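A.B. asks:
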Amino acid sequence: MVVDRLLICDEVMLNKDAADFLKYAKHKRALEILLHAIFLNSGSEVVHGNDGTNTIFGSPTESALLDFALHLGGHYDAICQQFEILEVWPFNSSTKRRSVLVACPEGGGRVFCTGAAEIILRECTKIVCNNGDSVDLSAERRKKVLDIINGFCCGALRTLCLTFKDFEDSSDCRVLDGDYTLIAVVGISDPVRPEVKSAVQTCLAAGITVRMVTGDNINTAKAIAKECGILTDDGIAIEARDLRAIRLGGFKDLMSKLQVVARSSPTDKCTLVAMLKSDEYGEVVAATGDGTNDASALHAADVGLAMGIAGTEVARESADVVLMDDNFTTIVNLIKWGRLVYQNVQLLVQFQLTISIVALVFNFVSACISGSAPLTVVQLLWVNMISDILGVLALITKLPCDKVEYRASVGRNMEIFTNAIWRNIIGQSIYQLAILFVLKFCGRRFLKLSGEDAGRVLHTVIFNTFVLCQVFNEINSREVEKINVFHGMLNSWLFASGIACIVICQVVAVEFLGPFAHTKPLGWRLWFVSILIGFLSMPISVLLKCITLSKLVTAINRCKGYVLLCCGRELCRKQD
Numbered sequence: 021m022v023v024d025r026l027l028i029c030d031e032v033m034l035n036k037d038a039a040d041f042l043k044y045a046k047h048k049r050a051l052e053i054l055l056h057a058i059f060l061n062s063g064s065e066v067v068h069g070n071d072g073t074n075t076i077f078g079s080p081t082e083s084a085l086l087d088f089a090l091h092l093g094g095h096y097d098a099i100c101q102q103f104e105i106l107e108v109w110p111f112n113s114s115t116k117r118r119s120v121l122v123a124c125p126e127g128g129g130r131v132f133c134t135g136a137a138e139i140i141l142r143e144c145t146k147i148v149c150n151n152g153d154s155v156d157l158s159a160e161r162r163k164k165v166l167d168i169i170n171g172f173c174c175g176a177l178r179t180l181c182l183t184f185k186d187f188e189d190s191s192d193c194r195v196l197d198g199d200y201t202l203i204a205v206v207g208i209s210d211p212v213r214p215e216v217k218s219a220v221q222t223c224l225a226a227g228i229t230v231r232m233v234t235g236d237n238i239n240t241a242k243a244i245a246k247e248c249g250i251l252t253d254d255g256i257a258i259e260a261r262d263l264r265a266i267r268l269g270g271f272k273d274l275m276s277k278l279q280v281v282a283r284s285s286p287t288d289k290c291t292l293v294a295m296l297k298s299d300e301y302g303e304v305v306a307a308t309g310d311g312t313n314d315a316s317a318l319h320a321a322d323v324g325l326a327m328g329i330a331g332t333e334v335a336r337e338s339a340d341v342v343l344m345d346d347n348f349t350t351i352v353n354l355i356k357w358g359r360l361v362y363q364n365v366q367l368l369v370q371f372q373l374t375i376s377i378v379a380l381v382f383n384f385v386s387a388c389i390s391g392s393a394p395l396t397v398v399q400l401l402w403v404n405m406i407s408d409i410l411g412v413l414a415l416i417t418k419l420p421c422d423k424v425e426y427r428a429s430v431g432r433n434m435e436i437f438t439n440a441i442w443r444n445i446i447g448q449s450i451y452q453l454a455i456l457f458v459l460k461f462c463g464r465r466f467l468k469l470s471g472e473d474a475g476r477v478l479h480t481v482i483f484n485t486f487v488l489c490q491v492f493n494e495i496n497s498r499e500v501e502k503i504n505v506f507h508g509m510l511n512s513w514l515f516a517s518g519i520a521c522i523v524i525c526q527v528v529a530v531e532f533l534g535p536f537a538h539t540k541p542l543g544w545r546l547w548f549v550s551i552l553i554g555f556l557s558m559p560i561s562v563l564l565k566c567i568t569l570s571k572l573v574t575a576i577n578r579c580k581g582y583v584l585l586c587c588g589r590e591l592c593r594k595q596d
């Protein structure tokens with residue numbers, strides 16, 4: 021943050037022109053009071069290095085003011101040693117100000133108050149004019165100052181009023197009762213990082229609503245929100261006090277377009293989070309914050325995001341995630357990884373459940389009919405190793421892509437087993453079971469097997485076919501909805517390595533581990549049959565993904581006796 025421009029001595033000037041303007045003798049007193057107001061009423065600190073450079077430690081806003089005061093030629097240590105600080109009122113998000121009471125060297129006391137421009141201006145009765153004297157703040161002057169403040173705010177500047185008030189007795193109980201003298205209005209620029217706008221657009225495309233809840237002036241908030249891409253043409257920006265005055269029914273109508281809440285307190289942010297999480301809206305809410313007062317909102321949100329650099333220790337402890345670079349784009353990366361993990365869990369469940377259903381049903385039915393299970397314990401353990409080790413390694417190591425906006429957002433009450441997953445599981449299970457049962461009961465005739473080892477060869481073909489079906493189905497499981505499952509497959513060396521390892525181990529188990537795995541070596545013809553049957557699961561997957569889920573659900577409902585009623589335009593057409 022930097023001080024971009026200011027109003028002082030009835031003149032508006034840029035930061036770079038302030039030093040030349042205030043060096044004249046007639047502005048000496050105004051400059052002196054301005055430096056006192058900045059140096060004495062600050063929670064930040066200036067540290068002088070051995071090489072003559074100054075380092076400022078503290079909040080960004082106070083650091084910008086201190087840097088500006090040093091640029092004007094102020095001597096931080098000299099001024100701080102000149103005055104005795106009697107009492108400090110730290111910045112309060114409710115009052116939007118920070119105040120300090122100091123004892124003046126010539127006697128009496130002086131209060132310096134710095135805070136939100138339009139709020140502090142209402143409590144000012146005087147203003148420092150051209151010659152440094154204090155004059156009454158007339159209605160005309162007040163309107164002029166307010167117009168300048170609004171101009172600063174519309175330029176995306178954060179505005180602060182710097183004021184003071186003198187007392188003969190520093191113990192006077194009216195210390196903070198207003199009646200201030202306006203020294204200056206400063207406009208502080210907080211440039212938006214270039215990558216923020218694209219990150220916001222990515223969030224919006226991903227189905228995430230981005231709302232700005234800030235303590236800034238409404239015009240400043242709107243200007244910054246437009247610059248970031250948060251506030252759209254049909255979006256609503258509102259002050260927190262107006263939001264609190266809206267009744268529940270009106271709030272529901274407002275929420276869909278609410279994008280900016282200005283002049284808000286931490287309580288307002290916490291209330292908004294609780295409202296969005298309520299059963300009425302059921303939203304999954306993430307909240308960001310850096311201050312101690314943000315702790316309640318961070319704790320109340322589903323995901324609390326605290327700033328690692330500018331954030332306080334209390335905020336970091338209350339948050340679920342700490343952004344070490346304080347960058348909004350890091351949130352986008354967080355969303356990418358979160359959605360990827362969720363999708364990988366879906367893929368893994370789909371893959372493993374298909375294996376379990378087919379193995380259980382096939383072995384159980386075969387044992388009931390023929391008296392023996394075609395898949396032995398060792399073979400089932402091998403299949404279990406495929407699904408639990410190599411399959412997991414292959415499916416959960418998929419890296420996030422830059423197309424996070426193409427991943428659908430997941431609602432609070434959405435089930436992990438979607439209709440698409442059930443479609444894939446049931447479709448693949450039916451295909452594999454049909455093939456395996458045909459091989460079990462008709463395999464000898466179709467494959468023309470004969471001799472003493474015909475039964476063992478057939479069981480080896482069944483085992484080999486079952487495993488190769490899982491190999492190809494693992495490739496199918498890379499995508500739940502998309503037909504092109506090969507996209508980016510070669511970029512994941514772990515996935516390719518997992519598939520290759522399964523195939524190699526299967527060849528070894530069939531051809532060389534006969535006594536242990538209860539298999540017989542297969543000729544090229546039977547290997548071709550096994551590979552072909554396994555490969556056919558891929559076009560089966562394409563056909564399954566071409567099934568429109570809405571039509572499938574409608575068909576199921578009709579089978580159950582449910583008929584969808586006409587509504588909207590369809591109902592109007594029927595009435596016509």
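Heads up: the sequence shown begins at 21 in this note's numbering, then just goes up one per residue.
From the three backbone atoms N, C-alpha and C, an ideal C-beta is built for every residue, glycine too.
Values in this document were obtained by computation on a predicted structure and should not be read as measured data.
Run the CB neighbour count on leucine 591, radius 10 Å, all protein chains shown included, and call it buried at 16 or more, exposed below.
C.D. replies: Taking the sequence shown and counting its residues from 1, one reaches residue 591 at position 571. Per-residue confidence for leucine 591 stands at a pLDDT of 35, beneath the threshold of 50, marking its modelled position as unreliable; the derived number appears in the next sentence. Answer is exposed; the Cβ neighbour count stays below 16.
A.B. asks: What does the alpha-carbon distance come out to for the pair proline 559 and isoleucine 351?
C.D. replies: As a position in the sequence shown, residue 559 is number 539, starting the count at 1. As a position in the sequence shown, residue 351 is number 331, starting the count at 1. Rounded to the nearest angstrom, the two C-alpha atoms are 38 angstroms apart.
A.B. asks: On the three-state DSSP scale, how would you describe phenylalanine 437?
C.D. replies: Walking along the sequence shown from the start, residue 437 turns up at place 417. Correct three-state label for phenylalanine 437: coil.
A.B. asks: To the nearest angstrom, how far is the alpha carbon of valine 523 from that of leucine 488?
C.D. replies: For the purposes of this step, residue 523 is identified with residue 503 of the sequence shown, where counting begins at 1. For the purposes of this step, residue 488 is identified with residue 468 of the sequence shown, where counting begins at 1. The alpha-carbon atoms of valine 523 and leucine 488 are separated by roughly 8 angstroms.
A.B. asks: Do the stretch 316-324 and the stretch 291-298 touch if we need at least three Cβ pairs shorter than 8 angstroms?
C.D. replies: Flag = yes, the stretch 316-324 and the stretch 291-298 touch.
A.B. asks: Is lysine 146 helix, strand or coil when you go by DSSP?
C.D. replies: The count along the sequence shown starts at 1 and reaches residue 146 at position 126. Lysine 146: strand per DSSP, three-state reduction.
A.B. asks: Taking only runs that begin and end inside the stretch 483-511, name each unbroken alpha helix (DSSP H) of 4 or more residues, in chain order.
C.D. replies: Qualifying alpha helix (DSSP H) stretches: none in this window.
A.B. asks: Pick helix, strand or coil for histidine 538, following the three-state DSSP scheme.
C.D. replies: The residue given as residue 538 occupies position 518 in the sequence shown. Here histidine 538 sits in coil by DSSP.
A.B. asks: Serine 83: which of Gly475, Ile99, His479 and Asn61 sits nearest, CA to CA?
C.D. replies: Position 63 of the sequence shown, counting from 1, holds the residue named residue 83. Nearest of Gly475, Ile99, His479 and Asn61 to serine 83, Cα basis: Asn61.
A.B. asks: When you compare only the Cα positions, how much space is there between proline 214 and isoleucine 203?
C.D. replies: In the sequence shown, residue 214 corresponds to position 194, counting from 1. In the sequence shown, residue 203 corresponds to position 183, counting from 1. Rounded to the nearest angstrom, the two C-alpha atoms are 34 angstroms apart.
A.B. asks: Which of the three DSSP states is assigned to methionine 21 in this structure?
C.D. replies: The count along the sequence shown starts at 1 and reaches residue 21 at position 1. Methionine 21 falls in the coil class under three-state DSSP.
A.B. asks: Taking the beta carbon of cysteine 223 as the centre, do at least 16 other beta carbons fall within 10 Å, making it buried, or is it exposed?
C.D. replies: In the sequence shown, counting from the first residue as 1, residue 223 sits at position 203. Label assigned to cysteine 223: buried.
A.B. asks: Which whole-angstrom value is the C-beta distance of isoleucine 553 and threonine 485, which I expect to be below 8 angstroms?
C.D. replies: Here residue 553 refers to the residue found at position 533 when the sequence shown is read from its first residue. Here residue 485 refers to the residue found at position 465 when the sequence shown is read from its first residue. Confirmed, about 5 angstroms.
A.B. asks: What residues in its chain sit with their C-beta under 8 angstroms from that of glycine 328, if we drop five residues either side in the sequence?
C.D. replies: Within the sequence shown, the letter at position 308 stands for residue 328. Same-chain partners within the cutoff: Arg336, Val342, Leu343, Met344, Asp345 and Asp346.
A.B. asks: Reducing DSSP to helix, strand and coil, say where isoleucine 112 ends up.
C.D. replies: Indexing the sequence shown from 1 puts residue 112 at position 92. First, the residue type needs correcting, since residue 112 is asparagine and not isoleucine in the sequence shown. Reduced to three states, the DSSP call for asparagine 112 is strand.
A.B. asks: Could you give the distance in angstroms between the alpha-carbon of alanine 379 and the alpha-carbon of arginine 465?
C.D. replies: The count along the sequence shown starts at 1 and reaches residue 379 at position 359. The count along the sequence shown starts at 1 and reaches residue 465 at position 445. Cα to Cα, the separation comes out at about 23 angstroms.
A.B. asks: With burial defined as no fewer than 16 other Cβ atoms inside 10 Å of the residue's Cβ, what is the status of valine 361: buried or exposed?
C.D. replies: On the sequence shown, position 341 is the one that residue 361 refers to. Exposed: under 16 other Cβ atoms inside 10 Å.
A.B. asks: Taking only the alpha-carbon atoms, compute the straight-line gap between glycine 207 and glutamate 300 and give it to the nearest angstrom.
C.D. replies: By 1-based counting over the sequence shown, the position of residue 207 is 187. By 1-based counting over the sequence shown, the position of residue 300 is 280. Approximately 41 angstroms, taken between the alpha carbons.
A.B. asks: Is the CB-CB distance between glutamate 259 and serine 284 below 9 angstroms?
C.D. replies: Looking up residue 259 in the sequence shown gives position 239. Looking up residue 284 in the sequence shown gives position 264. Yes, these two residues count as a Cβ contact at 9 angstroms.
A.B. asks: What does a CB cutoff of less than 7 angstroms around threonine 396 pick up in its chain, not counting 5 residues either side in sequence?
C.D. replies: The count along the sequence shown starts at 1 and reaches residue 396 at position 376. Here the set comprises His538.
A.B. asks: Looking at valine 342 and the ligand GDP, is the gap between the Cβ and the nearest heavy atom below 8 angstroms?
C.D. replies: Here there are no bound small molecules, and the ligand GDP is not part of this structure.
A.B. asks: According to the Cβ coordinates, are glutamate 198 and threonine 115 closer than 9 angstroms?
C.D. replies: On the sequence shown, residue 198 is found 178 positions in, with the first residue counted as 1. On the sequence shown, residue 115 is found 95 positions in, with the first residue counted as 1. Correcting the residue identity first, residue 198 is glycine in this sequence and not glutamate. No.
A.B. asks: Span of the beta strand (DSSP E) holding lysine 185?
C.D. replies: Here residue 185 refers to the residue found at position 165 of the sequence shown. Taken as a continuous stretch (DSSP letters only), the beta strand (DSSP E) holding lysine 185 covers 177-187.
A.B. asks: What residues are listed by DSSP as bridge partners for glycine 129?
C.D. replies: Counted from its first residue, the sequence shown places residue 129 at position 109. DSSP output for glycine 129 lists Ala123 and Phe187 as bridge partner(s).
A.B. asks: Going by DSSP in three states, phenylalanine 348 sits in which element: helix, strand or coil?
C.D. replies: Position 328 of the sequence shown holds residue 348. Helix, per DSSP.
A.B. asks: Exposed or buried, which one is glutamate 494 when buried takes at least 16 other CB atoms within 10 Å?
C.D. replies: Working through the sequence shown from its first residue, we reach residue 494 at position 474. When all chains shown are included, glutamate 494 counts as buried.
A.B. asks: From alanine 602 to leucine 27, what distance separates their C-alpha atoms?
C.D. replies: This structure does not reach residue 602, given that the chain is present from 21 up to 596, and the question cannot be answered.
A.B. asks: Okay, do the stretch 231-239 and the stretch 162-179 touch, 3+ Cβ pairs below 8 angstroms being the bar?
C.D. replies: At 8 angstroms Cβ cutoff, the stretches touch.
A.B. asks: Find out if the Cβ-Cβ distance for the pair tyrosine 451, leucine 373 is shorter than 9 angstroms.
C.D. replies: By one-based count along the sequence shown, residue 451 stands at place 431. By one-based count along the sequence shown, residue 373 stands at place 353. Contact: no.
A.B. asks: Please state whether the Cβ-Cβ distance between leucine 92 and serine 64 is less than 9 angstroms.
C.D. replies: For the purposes of this step, residue 92 is taken as the residue at position 72 of the sequence shown. For the purposes of this step, residue 64 is taken as the residue at position 44 of the sequence shown. No. Outside cutoff.
A.B. asks: Would you report the Cα separation of phenylalanine 457 and serine 561, rounded to the nearest angstrom?
C.D. replies: Position 437 of the sequence shown, counted from the first residue, corresponds to residue 457. Position 541 of the sequence shown, counted from the first residue, corresponds to residue 561. Taking the straight line from one Cα to the other gives about 20 angstroms.
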